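Taken in sequence, the protein lines are chains U and C. The first sequence begins at 3 in my numbering and counts up by one. The second sequence begins at 3 in my numbering and counts up by one.
2 protein chains.
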Amino acid sequence: MPFQNFIPPRRLLLGPGPSMVHPRVLRALSTPLLGHLDPAFLALMDDIQTLLRVVFQTKNRFTIAVSGTGSAGMEASIANIVEPGDTVIVGVNGVFGTRLASMVERCGGKAIRVEAPWGQIVEPDAIDTALRRSGPVKAVAIVHAETSTGVWQPLEPIAHLCRTHDTLFIVDAVTSMGGAPLEIDRWGIDVCYSATQKCLSCPPGLSPFTLSDRAFAAIKARRNPCQSWYLDMALIADYWTEGARAYHHTAPISMLYGLREALRLVEEEGLPARFARHQLNSDALLAGLTGLGFPPLPPAGQRLPMLTCVTVPASIPETEIRANLLSTYGIEIGGGLGPLKGKVWRIGLMGESSTEAHVLTLLNALEELLIRGGWLSTPGVGLQAAARIYSRRNS
Amino acid sequence: MPFQNFIPPRRLLLGPGPSMVHPRVLRALSTPLLGHLDPAFLALMDDIQTLLRVVFQTKNRFTIAVSGTGSAGMEASIANIVEPGDTVIVGVNGVFGTRLASMVERCGGKAIRVEAPWGQIVEPDAIDTALRRSGPVKAVAIVHAETSTGVWQPLEPIAHLCRTHDTLFIVDAVTSMGGAPLEIDRWGIDVCYSATQKCLSCPPGLSPFTLSDRAFAAIKARRNPCQSWYLDMALIADYWTEGARAYHHTAPISMLYGLREALRLVEEEGLPARFARHQLNSDALLAGLTGLGFPPLPPAGQRLPMLTCVTVPASIPETEIRANLLSTYGIEIGGGLGPLKGKVWRIGLMGESSTEAHVLTLLNALEELLIRGGWLSTPGVGLQAAARIYSRRNS
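In structure tokens:
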């Protein structure tokens, strides 16, 4: 069985991640390797830390890239902070809050789930109530951008509650980082992790990760070692942040090359411009989708600018249309997870994927499929609605 | 502070990993991305599984690449097999056996350490004694190629003991896979993990991983969930091996592109030719190093063909020479770890790094530095000794 050279089909990635990757990042991935203790590589790690601090808006010394995907960052957060018997309040309104709670329990912690319907935020008042009713709480954990529902969770009120109750604040910023404001220091977030394949537009495989001094002190003061050796931040600190540059595990060198280049692109664009771009394209996309008969799942004011989740009417065969988008147009969008399976589409406009051309291409392809199937009669309604949003830009 | 384009210095990687990466693999890394649930990507995963089975010499259905470095594969092995209270016998004769034992304890298991001096194998008789003296033992874990000492551990006798005592056999093949025989099925290994940046000559970031049916059944029969969600093979099976292709975490797509290409290169060369190449270049290197006054640490018959560990005489400033090799010649070799720090060099000839040209280049550079420092007077003694090995090749 001879294996041929792998030539992927052309794809426009508009799902919940991975997003499109800039050619400069693809090129950086193919840079010849350095050893993970080479002085030139250690300097590259310094650059990554500096750039990550810019995007996280933090001065945290402990700001690194975890050697795994976003879920590894989630596990690193929980496994380092939670000791057996610790109580953690977890906001649960989608797949990723559910996953957080499961990880707390796998670490021997007690997870108090503060639930909200999928498609809505977790109300800060509900977190407040849970904090008042519980005994000592080690941490509150919540998802900033719930990738399974498109909900944009407000963080500042919860950060304030955490300060009042003297508990650590853990935030999942997998989908938000680099696409929406995220201010670790000003808001008072203690532990935050993200992923590279969303708004940073780097391939998946690393998890940007930051710890406040308070969180790092809590990790250093653990009674028991972290149950994960691979993700033990007390050990990893000696390689990344404490100056010793001592070997822990071999760094994923090529991925770090790619991340550095992706972060440079973010810095060149500038965070305010990048956030505005995400918001504009998301507004245009949602106008177009609404025009085509797909209403947004989250209520107004709770909708993410990089992931648009819309309800698919029962009359429309969502799986078939999604499959046709991929096979005929090479466009990937995401379906629903868990209770939303078959009921929603999740369309990501993240990082390099967030452009006007992509919005228009997707709306046109969708219209063609809907007209061909007899579910839509007037061509161009989606495109027109999007165009109205873009036309406001210069006025 | 403007960050420039990153241009690494030229390096010849002859340390304990990462090894040199073939241009075809570097090019594969820069392939545009597919979604992790795209049919074309799932087909690529199938290819990787097929190719990994060839290199592991196994029919194991559960043969995958873990989304982390070799240490993540080690943690996956231990965290999935060991439940709180389980006893595991661990061979400890270097850094990686020590790490295995630590992971067993972090999982709530009891590690019975069967120790041997660093630089020597763990005698199968000592494992036998430990098995006889212990109560029920869940697994025996041992390192095939101890990267910290260059020792080549025999596995077949220990596999036989595991069958006799009905216990699982866990093998660390991080440094051996693709460079020396490793026969999962014929020898009877139940859990085996490796890494991509050694003899497979792919960048670091993935861990090839295989489970026998017996090991997978033990995981499915656990009383408690695996303490790691990220590495829980009962969940990951639904994405990689059980046909459902259900989302667990986002696969590290670009790294898997690279791994497929690296495995194709292994298959094109053929395992027997690859193993012979590693042995030949290692023989030549060791002859040269011995000629220069650096004797091997492990005794004859216990020396790895992809990692040569030699003792550095106290009269020679090992750190300084190693630093000069890097700064003057761009050659990376490894120093000692733990108790061997400052006392040994670890020279890797792994995958693409294992060539005649690299052996000669390193020996010549070393000779120049030794002559310049006054520790050697006759030029060419190391090269001559290596040449004698190569000259036998065609006779």
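Note that beta-carbon positions come from the ideal geometry of N, C-alpha and C, so glycine has one too. Note that the structure is predicted; figures quoted are calculated from it, not measured.
Out of curiosity, what's the CA-to-CA distance linking Ser230 of chain U and Glu85 of chain U?
For this step, residue 230 of chain U is matched to residue 228 along the first sequence. For this step, residue 85 of chain U is matched to residue 83 along the first sequence. Looking at the backbone, the Cα of Ser230 of chain U and that of Glu85 of chain U are separated by about 12 Å.
How would you call Arg262 of chain C, buried or exposed, if buried means at least 16 neighbouring beta carbons within 10 angstroms?
Position 260 of the second sequence, counted from the start, is the residue given in the question as residue 262 of chain C. Its Cβ being crowded by 16 or more others within 10 Å, Arg262 of chain C is buried.
Own chain residues within Cβ distance below 6 Å of Pro297 of chain C, not counting five before or after:
The residue labelled residue 297 of chain C in the question sits at position 295 within the second sequence. Correct list, in chain order: Thr313.
Check whether the Cβ of Ala45 of chain U lies closer than 8 Å to any heavy atom of the ligand NAP, and answer yes or no.
Annotation note on the ligand NAP: not contained in the displayed structure, which lists no ligands.
Taking buried to mean at least 16 other C-beta atoms within 10 Å of its own C-beta, is Ala275 of chain U buried or exposed?
Along the first sequence, one-based indexing puts residue 275 of chain U at 273. With fewer than 16 neighbouring CB atoms inside 10 Å of its own CB, Ala275 of chain U falls in the exposed class.
Enclosing beta strand (DSSP E) for Phe211 of chain U [first to last residue]
Within the first sequence, the letter at position 209 stands for residue 211 of chain U. Per DSSP, Phe211 of chain U belongs to the beta strand (DSSP E) from Ser209 to Leu213.
Asp192 of chain U - DSSP class collapsed to helix/strand/coil
Position 190 of the first sequence, counted from the start, is the residue given in the question as residue 192 of chain U. Residue state, collapsed to three classes: coil.
Proximity winner among C:Trp120, C:Glu117, C:Gly87 and C:Asp127, relative to Arg442 of chain C (alpha-carbon distances)
The question about residue 442 of chain C has no answer here: the residues shown for chain C are numbered 3 through 397.
Residues in the region 39-51 of chain C having any Cβ partner in chain U nearer than 7 Å
Hits within the stretch, in order: Asp40, Ala42, Leu46 and Asp49.
Pick from C:Ala387, C:Leu339, C:Ala81 and C:Ser196: whose alpha carbon is nearest that of His250 of chain U?
By 1-based counting over the first sequence, the position of residue 250 of chain U is 248. Looking at the Cα atoms, C:Leu339 is the closest of the given residues.
On the criterion of 16 or more Cβ atoms from any shown chain inside 10 Å, does Thr100 of chain U qualify as buried, or is it exposed?
Mapped onto the first sequence, residue 100 of chain U falls at position 98. It counts as buried.
Judging by CA-CA distance, which residue of U:Glu334, U:Ala278, U:Arg55 and U:Phe43 is the nearest neighbour of Pro11 of chain U?
For the purposes of this step, residue 11 of chain U is taken as residue 9 along the first sequence, with counting starting at 1. Comparing Cα positions, the closest option is U:Glu334.
Taking Ala219 of chain C as the reference, which of C:Arg63, C:Leu28 and C:Pro138 has the closest Cα?
Residue 219 of chain C sits at position 217 when you count from the first residue of the second sequence. Of the candidates C:Arg63, C:Leu28 and C:Pro138, the residue whose Cα lies closest to the Cα of Ala219 of chain C is C:Arg63.
Counting only Cβ pairs nearer than 9 Å, list the residues of chain C close to Gly350 of chain U.
Along the first sequence, one-based indexing puts residue 350 of chain U at 348. Those do not exist, as Gly350 of chain U stays about 10 Å from chain C at its closest Cβ, beyond 9 Å.
How would you call Arg348 of chain C, buried or exposed, if buried means at least 16 neighbouring beta carbons within 10 angstroms?
Along the second sequence, read from residue 1 onward, the residue named residue 348 of chain C stands at position 346. It is buried - the Cβ of Arg348 of chain C has at least 16 other Cβ atoms within 10 Å.
Which term fits Pro18 of chain C, buried or exposed, when burial requires 16 or more other beta carbons within 10 angstroms of its beta carbon?
Position 16 of the second sequence, counted from the start, is the residue given in the question as residue 18 of chain C. By the 10 Å Cβ count, Pro18 of chain C comes out buried.
Same chain only: Cβ atoms within 7 Å of Lys140 of chain C, ignoring 5 sequence neighbours per side
Start at 1 with the first residue of the second sequence, and residue 140 of chain C comes out as number 138. For Lys140 of chain C, the CB contacts under 7 Å within the same chain, skipping 5 residues up- and downstream, are Ile83, Val84, Asp88, Thr89, Val90, Thr169 and Leu170 in chain order.
Along chain C, which residues have their Cβ under 9 Å away from the Cβ of Ile255 of chain U?
For the purposes of this step, residue 255 of chain U is taken as the residue at position 253 of the first sequence. Residues of chain C passing the Cβ test: Pro20, Gln199, Pro205, Pro206 and Gly207.
What residues in its chain sit with their C-beta under 6 Å from that of Val153 of chain U, if we drop five residues either side in the sequence?
Locating residue 153 of chain U in the first sequence gives position 151, where the first residue counts as 1. Apart from sequence neighbours up to five positions away, the residues of its chain that approach Val153 of chain U with a beta-carbon distance below 6 Å are Ile123, Pro300 and Gln304, ordered along the chain.
Under 8 Å by Cβ, that's how I've got Leu208 of chain U and Leu31 of chain C pegged, so tell me the actual separation to the nearest angstrom.
Along the first sequence, read from residue 1 onward, the residue named residue 208 of chain U stands at position 206. Along the second sequence, read from residue 1 onward, the residue named residue 31 of chain C stands at position 29. At roughly 14 Å, the Cβ-Cβ gap does not stay under 8 Å, so Leu208 of chain U and Leu31 of chain C are not in contact.
For the alpha helix (DSSP H) that Glu400 of chain U lies in, which residues bound it at each end?
Nothing can be reported for residue 400 of chain U, as the shown portion of chain U is limited to 3 through 397.
Taking the C-alpha atoms as reference points, what is the distance between Tyr331 of chain U and Val68 of chain C?
Taking the first residue of the first sequence as position 1, residue 331 of chain U is located at position 329. Taking the first residue of the second sequence as position 1, residue 68 of chain C is located at position 66. About 32 Å.
Segment contact flag, the region 187-196 of chain C with the region 356-364 of chain C, C-beta cutoff 8 Å, min 3 pairs
By the Cβ test, the region 187-196 of chain C is not in contact with the region 356-364 of chain C, since fewer than three Cβ pairs between them sit closer than 8 Å.
Would you report the Cα separation of Leu53 of chain C and Ala253 of chain U, rounded to the nearest angstrom?
Indexing the second sequence from 1 puts residue 53 of chain C at position 51. Indexing the first sequence from 1 puts residue 253 of chain U at position 251. CA-to-CA, the gap between Leu53 of chain C and Ala253 of chain U works out to about 24 Å.
Identity of the residue in C:Leu258, C:Leu351, C:Gly75 and C:Glu322 nearest Cys311 of chain C by Cα
As a working mapping, residue 311 of chain C is identified with position 309 in the second sequence. Cys311 of chain C has its Cα closest to that of C:Leu351, out of C:Leu258, C:Leu351, C:Gly75 and C:Glu322.
Contact list for the region 218-248 of chain C against chain U, Cβ threshold 7 Å:
The residues in question are Pro227, Gln229, Ser230, Trp231 and Tyr232.
Which same chain residues end up closer than 6 Å to Leu306 of chain U when comparing Cβ atoms and leaving out the 5 residues on each side of it in sequence?
Numbered from 1 along the first sequence, position 304 holds the residue referred to as residue 306 of chain U. Hits under 6 Å: Ala147, Gly152 and Trp154.
What does the Cβ neighbour count give for Pro206 of chain C, buried or exposed, with the cut at 16 atoms within 10 Å?
Counted from its first residue, the second sequence places residue 206 of chain C at position 204. It counts as buried.
With 16 other Cβ atoms within 10 Å as the buried cut-off, status of Ser284 of chain C:
One-based indexing of the second sequence puts residue 284 of chain C at position 282. Buried, since its Cβ has 16 or more Cβ neighbours within 10 Å.
How would you call Gln6 of chain C, buried or exposed, if buried means at least 16 neighbouring beta carbons within 10 angstroms?
Reading the second sequence from its first residue, position 4 is the one you call residue 6 of chain C. It counts as exposed.
Nearest chain C C-beta to Tyr33 of chain U closer than 9 Å, yes or no?
Taking the first residue of the first sequence as 1, we reach residue 33 of chain U at position 31. First, the residue type needs correcting, since residue 33 of chain U is Thr and not Tyr in the sequence shown. Residue contact check for Thr33 of chain U against chain C: a CB pair falls below 9 Å.
Quick check on the DSSP output: the alpha helix (DSSP H) that includes Glu107 of chain U runs from which residue to which?
Reading the first sequence from its first residue, position 105 is the one you call residue 107 of chain U. Counting along the chain, the alpha helix (DSSP H) containing Glu107 of chain U begins and ends at Val97 to Arg108.
If you measure from the beta carbon of Leu195 of chain C to each beta carbon in chain U, is any gap under 9 Å?
Translated into positions along the second sequence, residue 195 of chain C becomes position 193. In the sequence as displayed, the identity of residue 195 of chain C is Tyr instead of Leu. In terms of beta-carbon proximity, Tyr195 of chain C stays away from the interface with chain U, with every pair separated by 9 Å or more.
Would Phe8 of chain U pass as an interface residue toward chain C - the criterion being a Cβ-Cβ separation below 9 Å?
If you number the first sequence from 1, residue 8 of chain U lands on position 6. Under the Cβ distance rule, Phe8 of chain U counts among the residues neighbouring chain C, one pair being separated by less than 9 Å.
Identity of the residue in C:Gly293, C:Leu342 and C:Cys201 nearest Ser379 of chain C by Cα
One-based indexing of the second sequence puts residue 379 of chain C at position 377. The shortest C-alpha to C-alpha distance from Ser379 of chain C to any of C:Gly293, C:Leu342 and C:Cys201 is the one to C:Gly293.
According to DSSP, is Lys112 of chain U part of a helix, a strand, or is it coil?
Taking the first residue of the first sequence as position 1, residue 112 of chain U is located at position 110. Assignment of Lys112 of chain U by DSSP, reduced to helix, strand and coil, places it in the strand class.
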